[in-house]
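A.B. asks:
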Amino acid sequence: MNSINLFFGIILDLCYHICNNFGGAIILFTLLSKIVLFPLSLWLQKNSIKIVSMTPELNKIKIHHYGDAETIAEEQQKLYKEHGYNPFITVVPTLIQIIILLGLIGAVRETIAKGTYNIWFLGLDLSVLPYVNKGVYIISPLAAGLSSLMLSISQNKSNILQAEQSKGMQYFTMGLSVGISLILGWYVPGGVALYWVASNLFSMIQQWILNKVLDPMDYVDEEELEKTKKELEELKSVDQGKKRSREDKRREKADYKRFFSIENKHLVFYSESSGFYKYFKGIIEYILDNTNVTIHYITSDPQDQIFELSRTKQQIKPYYIGENKLITLMMKMEADIVVMTMPDLENYHIKRSYIKKDIDYIFIPHSMCSLNLTMRKGSTDHFDTVFCTGKHQVEEALKTEEAYQLPKRKLVQWGYSLLDDMREDFKEKQGAETKKKTILIAPSWQKDNIVDSCLDEMLDSLKNTDYNIVVRPHPQHVRHQPERMEFLKRQYENNENIEIQTDFSLNNTVYEADLMITDWSGIAYEYSFATYRPVIFIDTPMKIMNPEYQRIDTEPFNIWMRDVLGKVVKKEEVPKIANVTEEVMNSIPQYRESIKQYAQDYVYNLDHSAEVGGEYIIQELQEIINSRK
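When we follow the working numbering, the leftmost residue of the sequence shown carries the number 1052, and every step to the right adds one.
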């Protein structure tokens, strides 16, 4: 270190003789160090551009192998080697800065000790230690801290590597840099603090020059960079905000390990939450009754009813896997068939297995609606098999494959097991009909739905009719607008004809209702085809998940079926809804016959879909197993 101090002392001495001022000598020394080290800075600029230009590829690796840290590290190293990038190069500037700083501290101290130089600069003694003398010399650490803050702000915008850091990392780095500068300026002589200030200011100028000499934007695909960043951020947001107990985390870890400890898994179901079991129920029960196949049932709900059910159904093996860990599990999936109601396989965070390429992924719809209109574009494109509720879904699927030149999928004429269960429940409860007719108001959860746009006018029109009016808000209304729901309850608590129902554990209301009023909710088709009773549709703005739905040459089921099942009422006509309900109520017998015919025409295997779906899966498994013999 003494030789470095001596070398810097000689340079500092030469600078002093040029400037004849110690402060000027330190500034000149700083400028010379920046000039001498400029080739190194240019090399580091190239290295920074290289890593940022690789970032889209790095992001794709993180997306494709999300959660698999070992594989990500391996793929990153391959990419670094391919591009000739060494991540440890980034520590070089820090090491050089430390060497220069330590060498300069020694040189300044030795120069001061000689007592031969004028060490005053702008009225300040550059030999003074601020923590000893304090007073006006507090300006020394403040200047060091301010210059560091300015440099951080500048580099967060102009330094390509820092500009790509997250805001949190930028603020952390800024805080650390300013903190170190304040401490440094407080404990070192003013001459060293002056070097620090000058170095920071020259670094800002140097970065501007570097960007002019080697413009990062000439080498970086900004569009691809932003696209992959957004995809990665969406992945990281999965499962965030959901508080989990330590017990659930331990349980997830154990279930994850248990799932992969089992070999030869033939059949796997995945459910987002307990509420999705009803879509699988009929199919699973048929498989359990007719085979000895083990059903591996993954759920992201620690309270899923499947855990209780598995106590009496030994063939069901349940696993709790949160949405974040699910990403890795799905990528490492080894099974013959995977059944899901979750769409958008491959499009977002849930990917097809990269371990086993021949898994048959089956999509089961959780409504009878138009899949082309009510789900995102391409939501079922990467499934091998799609169970279809009726011929409208088959027609959409075939025309989608044709329009986008997609590979052919197996389109199973399945039906809708949930509807079959509802029809069975309705038959059992028919004897409980009351003399006073009931109207069920069941809004959707979308922009400008009934609750948010016209419920008050509707209830005002219906409150004096001779009907029981039951408002059954969407569960999301109860969750996100509890005050509004409680207000409605208080508002109509003295009106015996109106009930605001927020308990969703009971379905009696659905079966007891003689007429339903909704907007675009898919419950309309389930209600009408289960009971053969009509629906009044309020013409609120339509929810369009796929902006390209009109590219498919078929009118969505959700649009044309409204006129078949009942009446469509414009929003401005809602204050007179009582008149429409009276008209529709009087026409219930006529609606019954037409709705019955449409149910038979547009729902496959009415009352037998569970058998059809279960039998299809059983036969597929048998074919897969036989092909290995």
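All C-beta atoms in this analysis are idealised placements derived from N, C-alpha and C, irrespective of residue type, glycine included.
Every value quoted in this text rests on a predicted model; they were computed, and no experiment measured them.
As an exercise, report each continuous alpha helix (DSSP H) stretch of at least 4 residues that is fully enclosed by the stretch 1544 to 1573, in chain order.
C.D. replies: Qualifying alpha helix (DSSP H) stretches, in chain order: 1559 to 1563.
A.B. asks: Quick one: what's W1237 bridged to in DSSP?
C.D. replies: Partner(s): none; W1237 has no beta bridge.
A.B. asks: Can you list the beta strand (DSSP E) stretches of 3 or more residues lying completely in the stretch 1437 to 1517, in chain order?
C.D. replies: Entirely contained in the stretch 1437 to 1517, the beta strand (DSSP E) runs reaching 3 residues are, in chain order, 1461 to 1464, 1489 to 1492.
A.B. asks: At what residues does the alpha helix (DSSP H) containing V1087 begin and finish?
C.D. replies: Note, V1087: alpha helix (DSSP H), 1073 to 1087.
A.B. asks: Looking at C-alpha atoms only, which residue of R1474, I1639, K1498 is the closest neighbour of D1658?
C.D. replies: With distances taken between Cα atoms, D1658 lies closest to R1474.
A.B. asks: Do you know how far the Cα of I1346 is from the Cα of E1397?
C.D. replies: Roughly 23 Å between the two C-alpha positions.
A.B. asks: Suppose contacts are defined by Cβ-Cβ distances below 8 Å. Is E1385 in contact with K1407 by that definition?
C.D. replies: Closer than 8 Å, so yes.
A.B. asks: Given a cut-off of 8 Å on the beta-carbon distance, is the pair F1588 and V1619 in contact?
C.D. replies: Cβ atoms of F1588 and V1619: closer than 8 Å.
A.B. asks: Applying the criterion that 16 or more other CB atoms from any shown protein chain within 10 Å of the CB defines a buried residue, is W1611 buried or exposed?
C.D. replies: Exposed: under 16 other Cβ atoms inside 10 Å.
A.B. asks: Could you name the residues of the same chain whose beta carbon sits closer than 7 Å to that of T1342, not counting the 5 residues immediately before and after it, in chain order?
C.D. replies: Same-chain partners within the cutoff: I1669.
A.B. asks: Compute the beta-carbon to beta-carbon distance between S1468 and K1332, rounded to the nearest angstrom, for a pair I have assumed lies under 8 Å.
C.D. replies: Correct: roughly 6 Å between the Cβ atoms.
A.B. asks: Strictly by DSSP, which residues pair up with T1122?
C.D. replies: Beta-bridge pairing links T1122 to no other residue.
A.B. asks: So what does DSSP say about G1174, is it helix, strand or coil?
C.D. replies: DSSP places G1174 in coil when its eight states are reduced to three.
A.B. asks: Please state whether DSSP places F1434 in a helix, a strand or coil.
C.D. replies: In this structure, F1434 counts as coil in the three-state DSSP scheme.
A.B. asks: Tell me whether the beta-carbon of S1250 lies closer than 8 Å to the beta-carbon of T1081.
C.D. replies: For S1250 and T1081, yes; Cβs fall inside 8 Å.
A.B. asks: Is it buried or exposed for V1390, if we count other Cβ within 10 angstroms and need 16 for buried?
C.D. replies: Buried.
A.B. asks: Please state whether DSSP places P1585 in a helix, a strand or coil.
C.D. replies: Residue state, collapsed to three classes: coil.
A.B. asks: Decide if V1264 is buried, meaning its Cβ has at least 16 other Cβ atoms within 10 Å, or exposed.
C.D. replies: Label assigned to V1264: exposed.
A.B. asks: At 3 residues or longer, and completely inside the stretch 1364 to 1400: list those beta strand (DSSP E) runs for me, N to C.
C.D. replies: For the stretch 1364 to 1400, whole beta strand (DSSP E) runs of length 3 or above, ordered along the chain, are 1367 to 1371, 1388 to 1391.
A.B. asks: Give me the Cα-Cα distance between D1376 and G1236, rounded to the nearest whole angstrom.
C.D. replies: It should be pointed out that residue 1376 corresponds to Lys in this sequence rather than to Asp. Roughly 47 Å separates the two Cα atoms.
A.B. asks: Might you give, ordered along the chain, the residues of its own chain that have their beta carbon closer than 7 Å to the beta carbon of Y1168, omitting 5 neighbours on each side?
C.D. replies: Result list for Y1168: Y1067, F1073, T1162, in chain order.
A.B. asks: Sort out for me which residues DSSP pairs N1519 with in a bridge.
C.D. replies: BP columns for N1519 point to T1489.
A.B. asks: Could you say if the stretch 1637 to 1649 and the stretch 1516 to 1528 meet the contact criterion of at least three C-beta pairs nearer than 8 Å?
C.D. replies: No, the stretch 1637 to 1649 does not touch the stretch 1516 to 1528.
A.B. asks: According to DSSP, which residues form a beta bridge with S1322?
C.D. replies: Its beta-bridge partners are T1350.
A.B. asks: If we call anything under 8 Å between Cβ atoms a contact, is S1205 one with Q1128?
C.D. replies: No, they are not a contact pair.
A.B. asks: Does the distance from the CB of D1306 to the CB of S1325 come in under 8 Å?
C.D. replies: Not closer than 8 Å, so no.
A.B. asks: In this structure, how does DSSP classify V1654 when only helix, strand and coil are distinguished?
C.D. replies: If DSSP states are grouped into helix, strand and coil, V1654 belongs with coil.
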